[in-house]
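The structure under discussion appears below in the form of structure tokens.
Residue numbers (this note's numbering): 10 to 163.
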């Protein structure tokens, strides 16, 4: 890294990981959305009463939330693997803890990246905000789609 522009390598790694994890997240969200769309279509055809439809919708939203949490875990693991490979952190357990903590923008693990790789921690926090924003927007859209179904069945 000597001779590189200060921080350039860290920015390239960080921005590449952001692009990769957002692409993974987008694929996951689209797959969940397509599945939910098929389910919503089938539910609409059945004309279920509100007392039966409500718990189904709750379970579907909870399942989507769980799948999104799994996606976030996979994406944090990708960052953790990069930290290990680059030598920014020594232990796999510390790498995943640091990564989850950074992605959640909590920053309370007490762990730090070694030397020049510290910039990547901040970049992972930016990535986490973007990914959680996508997840939040998706859950909101999902609730809106189901709300029209629920509100039409008084």
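Ideal Cβ positions, reconstructed from N, Cα and C, are used throughout, including at glycine.
Which word fits residue i, buried or exposed, when buried means at least 16 other C-beta atoms lie within 10 angstroms of its C-beta?
i	result
residue 94	exposed
residue 39	exposed
residue 129	buried
residue 161	exposed
residue 41	buried
residue 35	exposed
residue 144	buried
residue 119	exposed
Where does residue i fall in DSSP's three states?
i	result
residue 99	coil
residue 137	helix
residue 25	helix
residue 127	helix
residue 32	helix
residue 142	helix
residue 117	coil
residue 151	helix
residue 37	helix
Leaving out five residues on either side along the sequence, give the residues of the same chain with a beta carbon under 8 Å from the beta carbon of residue i.
i	result
residue 155	49, 66, 69, 70
residue 30	84, 87, 88, 136, 140
I'd like the list of long-range same chain contacts for residue i, defined as Cβ closer than 7 Å, with 5 residues on each side in sequence excluded.
i	result
residue 16	128
residue 63	159
Can you list, in chain order, the residues of its chain whose CB lies under 6 Å from that of residue i, leaving out five sequence neighbours each side?
i	result
residue 108	85, 88, 89
(message) Below 8 Å, how does it come out for the region 117-130 and the region 58-73: are there three or more Cβ pairs, yes or no?
(response) Under the 8 Å Cβ criterion, the region 117-130 does not count as touching the region 58-73, having fewer than three qualifying pairs.
(message) Any contact between the region 126-140 and the region 100-115? By contact I mean 3 or more CB pairs, one from each, below 8 Å.
(response) As far as the Cβ criterion goes, the region 126-140 touches the region 100-115, which means the pair count is three or higher.
(request) Note down, one range per segment and in chain order, each alpha helix (DSSP H) of at least 4 residues found wholly within the region 39-109. (result) With a minimum length of 4 residues, the continuous alpha helix (DSSP H) runs that stay inside the region 39-109 are 59-95.
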